[in-house]
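Residue numbers (my numbering), protein chains in the order written: chain A, 7 to 119; chain B, 370 to 535; chain C, 190 to 903. Presented below is the structure to which this report refers.
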Amino acid sequence: MTDMSTLSTFLTHIGLGHFLFISGMLFSLGIYGVVTRKNAVMVLMGIELILNSANINFVAFARYGNYGFHGQLAALFVIILAAAESAIALAIVLNIYKTFNNVNVDEIDKLRE
Amino acid sequence: MDLYLILFYFFAIITLVSAFFVVTTRNVIYAAFNLMLTLFGVAGFYVLLGADFIAIVQLIVYVGGILILLIFGVMLTNKITDTDIKSGFLNRVPGLLIVGTFAGILIGTLLKSTWRIAAPLPPPVAGLVGIGNLLMTEYTLIFEILGAVLLIALIGAASIARKQSN
Amino acid sequence: MNQIPFIPIALIILVLPLIGFFFTLLFGKKIKQMYLFETGIITTALGLSIYMAFMKLMYYANEKIVSELTWIDLGSTKAFGKISVDLGMMIDNVTVLMLFVVCLISTLVHLFSIEYMKGDKRYNRYFSYLGIFTFSMLGIVFTHNMLMMYIFWELVGLSSYLLIGFWFEKKSASDASKKAFVVNRVGDFGMLAGILILFANYHTFTFDKVFAQISQGVLPFNSEFWLTAMGILLFCGAIGKSAQFPLHVWLPDAMEGPTPVSALIHAATMVAAGVYLTVRIFPLLTGDALLFIATIGAISSFIPATIALTQNDIKKVLAYSTISQLGYMVMALGVGAYAYGFFHLVTHAFFKAGLFLGSGSVIHAMHHEQDIRQMGGLKKKLPITYTTFLIFSLAISGIPLTSGFLSKDGILASAYAFGNLTGYKIFAISGFLVALMTAFYMFRLLILTFHGEPRNEEKYHHAHESPALMTMPLVLLAILSIFAFYTINPLSAQTGWVLKDWLKTPASVVPEHARYSFMVQKHDEKPEAAVKHEEAVAEKPAAESEHTIIHSEEYTEALHHAHYPAMFLSLAVAGLGILFAFIMYFWRKINADKLADSVKPLYKFSLNKWYFDEFYDFAFVNGTLLLSRFLAWFDSTIVDGIVNGSAVVTRQLSKLSGLFDTYVVDGLVNLSATLSGLLGIFTRKFQTGKVQTYIIMVVFSLVALLFILMNYGI
């Protein structure tokens, strides 16, 4: 989108930039979630947001960069990995709950010692 | 205003608003349901980008799998009698500052960059066949490894979450 | 093809004693009657061997039956072609004669031992040892190659060791067994070296193949010297096993074993294995090697004969006499009298086994008294033993009508002829002297043991004739010491079937100029191949001319001329020896003690066995001790000195490096530790342990990085 001269053109001609904008916002929100939430499960939700933003990027670049299906495949792999990651993470969270009887990440600071 | 435009803005609003609620609401269950909406929105973007298969996978895996997993996680780690499962915040101010700066930089970069864009092509048809071909030819190794990773993750998760028997 | 399955029969004969050995050893402790099983097995082997010997000598006397299989295939090499180690059996006349001797004497000794060893606490084990011995001896007899010969050679050595030291509670017995083993090892070392030379050059162990190669002019290391050396080295094994000078010292000590064992192993079979080996390798021996062998044989026949004159232990006398007679055989082979050498082996095996068994009978009767000074007058008490002993003594002295006369006379005649042909008359002279001494000491033994007045009344009183199981073997052996089994003419063996039909001197394969001059074929005499394999027999019918007589007419002539002088001379010396014995010990015209006193140094020298043991003790045992003492001193002073010196130097060096460590290295380490400690105190403030703080920091750093990149980088 080289000629984004006016706001109206920008708003009415959907291009790569729009998707990247959405993805960027999603990413920031995800990071905010990860940083600020107390509950470990909520932190995981933030991570899912970040992963989704990355996936949007992959697909968008593939579409506009004319890379065929390669970008989509990357997105697919990310989804698979995300599934694996969340399974593991939830198992860990369950273990943490068993150990500390809560899942508040701020209270789990054993690493400090 | 063509349909594409309307759909784009529709999905954009759904995604961003629900994502905002995900990270801000105190109620964990609300957050989970908002996350579902976000994932729906992202799936819509995939459709707009011509990636039908990824959109379907997004719905099946994320909404059908990961989200359910997260909700289970919430329920297992809180007392089930608390209908109003709250979750507090911390680092709100530094987090807001940092993330704001980061978002600013991202948007700035986005606007500043000149993207090398190929001639817009019609969205590829028969995406399933292409993806399948690629998976079985060029990406076979990765595909296989991912299968193994998934299996290992499954076993690992089961093993970690299992009750320790002495 | 042969009608008679010789090879399977041979295999059965070979394996039978082994089976006897295993079963008797395994069940001997549980089942008291196991010795009967062992004896039965040996008797079966004897029956088979008689059948085989009969068939072979009567119908296939001119054939050589060979059967072999590849044991280790060494594959095909570029330099030598195909190499393989073969196992095989060879059956010729020498084999079956030896087979018969071994089986017969083994059986008789088994029977004899049933009575003799009665009451021994390791009764069955004794019989199993006899079984393993018979097995190994038969292995030597049947083998067609040097490797198997060596394997069974060592097995025989082992069983000899076991049997000599059978009463190992006795220190002297266990010492004797060790001595026998070690002394044999010296000879076997030479033999092994010979075998290695043989294999290195001919790439086969098989006798016939080696002979074939030598006859085609292939010499070890391309020199006749090495051919001679190889022959002598192989003969070294015979020196050890046949107790030839200078390795004869073990045999008298080996008399510590049970007397039947002495009869079987140390008189008839095992010690004859050396002679048998020499017979087997005879074709490859050069003139020089044969001369060496003859010399060894002459010395070994002479020295023990002088020792035997004065010994008082009945078994020791027989032991020295055995060495002396083995020396005879070796000398006979050395002077080229192949047939007589082997013939003497056979006849000697019978009468010497008989002498030993007879002495066993005497010892048994005298309740394990071996000193002939304690005996005397036993003639009346032991009539059968006495009669047979007399026949054996006559045989070994070389009196006509006995087998000993035939073979001994042949050897002396050959030595005589050899002296005439080559000028080495010393062999004949020594041979006649030994014959004189043999007659003397045998009759001294006989008279002192059986005649005169009993010198130990108490023991005499208790003496009794041995049971039939012990006298029966004696009678059988005495019968076999009669001439009639070997020839119809009691004065000449030449016309008998043993020498005329059965024993043929094999063709020498060494280059003609390396042989004795009389062994060289005259050009008008047609040389013929001696070696025949089983397959070839079918095509060519056996003929008298298949075996080549290597001796030239010149030699036959000389032998013919030597026959009568040698015969009369040997008769004269034998008669003289017996006469002396009677004068000194029977009629007591000359007092033996006074005679001994008058030549006291000589007497002492003989009584003490020429001080061989003392000399070996001094030269080898002490030498080894001195050497090891020197080595110990060298170790403790010089080697340890070096080690200690280096230890001191090392210690000082380590002290130095210790100081360096403490102050310099440790200083640096401590410094860095202090620095990082300080750093830690500073940085730990950032470590809250809260994950999200870290994430904030990460994102903050990312933002900072992006900012820098955007403004300065891109």
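Built from N, CA and C at the ideal position, the CB exists for glycine as well.
Rounded to the nearest angstrom, what separates residue i and residue j at their Cα positions?
i: A:Asn108; j: B:Val386; result: 29 Å
i: B:Tyr373; j: B:Ile423; result: 19 Å
i: B:Phe377; j: B:Ile398; result: 27 Å
i: C:Glu595; j: C:Leu583; result: With the sequence shown as reference, residue 595 of chain C is identified as Leu, and Glu is not the correct amino acid for it. The alpha-carbon atoms of C:Leu595 and C:Leu583 are separated by roughly 12 Å.
i: C:Val283; j: C:Leu534; result: 11 Å
i: C:Gly354; j: C:Thr611; result: 45 Å
i: C:Ala751; j: C:Gly812; result: 47 Å
i: C:Thr882; j: B:Thr506; result: 44 Å
i: A:Phe106; j: A:Ile98; result: 12 Å
i: B:Thr483; j: C:Leu868; result: 45 Å
i: C:Leu200; j: C:Ala234; result: 10 Å
i: C:Ala673; j: C:Val687; result: 11 Å
i: C:His650; j: C:Gly641; result: 15 Å
i: C:Thr393; j: C:Gly270; result: 12 Å
i: C:Leu286; j: C:Phe794; result: 39 Å
i: C:Gly620; j: C:Pro435; result: 18 Å
i: C:Leu473; j: C:Phe400; result: 7 Å
i: C:Ile196; j: C:Ile254; result: 8 Å
i: B:Leu523; j: A:Ala90; result: 7 Å
i: C:Pro807; j: C:Phe243; result: The sequence as given places Phe at residue 807 of chain C; Pro does not occur at that position. Cα to Cα, C:Phe807 sits roughly 52 Å from C:Phe243.
i: C:Ala862; j: A:Asn61; result: 47 Å
i: C:Leu480; j: C:Val524; result: 7 Å
i: B:Ile529; j: A:Leu22; result: 42 Å
i: A:Thr8; j: B:Lys481; result: Its pLDDT being 46, under 50, A:Thr8 is placed unreliably in this model, and the coordinates cannot settle the point.
i: C:Leu203; j: C:Lys307; result: 27 Å
For residue i, collect the residues of the same chain with a Cβ closer than 6 Å to its Cβ; drop the 5 residues on either side in sequence, then sort them by chain order.
i: C:Ala508; result: Leu440, Pro441, Met444
i: A:Arg43; result: Val49
i: C:Ala606; result: Ala747, Leu748, Ala751
i: C:His537; result: Gln514
i: C:Phe301; result: Pro449, Leu546, Met659, Pro662
i: B:Leu497; result: Phe422
i: C:Phe632; result: Ile767, Ala770
i: C:Lys729; result: For C:Lys729, the predicted structure reports a pLDDT of 36, less than 50, and the residue's modelled location is therefore unreliable. The matter cannot be settled from this model.
Are the beta-carbon atoms belonging to residue i and residue j less than 8 Å from one another?
i: C:Phe578; j: C:Leu625; result: no
i: C:Val298; j: C:Leu319; result: yes
i: C:Ile321; j: C:Ser348; result: yes
i: C:Arg704; j: C:Gly476; result: yes
i: B:Phe414; j: A:Phe67; result: no
i: C:Leu634; j: C:Val506; result: yes
i: B:Thr446; j: A:Val111; result: no
i: C:Ala183; j: C:Ile512; result: Since the displayed chain C opens at 190 and closes at 903, residue 183 of chain C lies outside it and no answer follows.
i: C:Ala821; j: C:Ile615; result: no
i: B:Val468; j: A:Ile102; result: no
i: C:Met241; j: C:Ile208; result: no
i: C:Phe331; j: C:Met247; result: no
i: C:Gly530; j: C:Val623; result: no
i: C:Phe210; j: C:Ser317; result: yes
Spatial neighbours of residue i within its chain, please: CB distance less than 7 Å, with the 5 preceding and 5 following residues excluded, ordered by chain position.
i: C:Glu273; result: The question names Glu, but residue 273 of chain C is Ser in the sequence shown. If we look at C:Ser273 and ignore the five residues flanking it on each side, its Cβ neighbours are Thr259, Ile261, Asp262, Leu263.
i: A:Leu35; result: Leu55
i: C:Gly229; result: none
Go through its chain and collect everything with a Cβ distance to residue i's Cβ below 8 Å, but skip five positions before and after it.
i: B:Gly516; result: none
i: C:Ala362; result: Ile353, Gly354, Phe355, Trp356, Glu445, Gly446
i: C:Phe581; result: Phe540, Lys541, Gly543, Leu544, Gly547, Leu666, Ala667, Ser670
i: A:Ala88; result: Glu54, Leu57
i: C:Leu387; result: Met335, Phe394, Val399, Pro409, Met419, Leu423
- Task: Tell me the start and end of each unbroken beta strand (DSSP E) in the region 242-315 of chain C that is at least 3 residues and wholly inside, in chain order.
- Result: 254-266, 270-280, all fully within the region 242-315 of chain C.
- Can you find at least 3 beta carbon pairs, one from the region 454-462 of chain C and one from the region 370-383 of chain C, that sit closer than 8 Å? Result no; under three Cβ-Cβ pairs closer than 8 Å.
- Using 8 Å as the Cβ pair cut-off and three pairs as the minimum, do the region 555-567 of chain C and the region 514-534 of chain C touch? Per the Cβ contact rule, the region 555-567 of chain C is not in contact with the region 514-534 of chain C (fewer than 3 Cβ pairs under 8 Å).
- the region 71-81 of chain A contacting the region 842-850 of chain C, beta-carbon criterion three pairs below 8 Å: Counting C-beta pairs closer than 8 Å gives fewer than three between the region 71-81 of chain A and the region 842-850 of chain C, which falls short of the contact rule.
- Query: Are there three or more Cβ pairs, one per stretch, closer than 8 Å when the region 399-406 of chain B is compared with the region 49-59 of chain A?
  - Reply: With the cut-off at 8 Å, the region 399-406 of chain B and the region 49-59 of chain A touch.
- Message: Taking contact to mean 3 or more Cβ pairs, one atom from each stretch, closer than 8 Å, check whether the region 285-294 of chain C and the region 638-646 of chain C are in contact.
- Response: Segments in contact, no.
- Task: Pick out the complete alpha helix (DSSP H) segments inside the region 796-839 of chain C, 4 residues or longer, and give them in chain order.
- Result: Those alpha helix (DSSP H) runs which fall completely within the region 796-839 of chain C and span 4+ residues are 801-805, 811-822.
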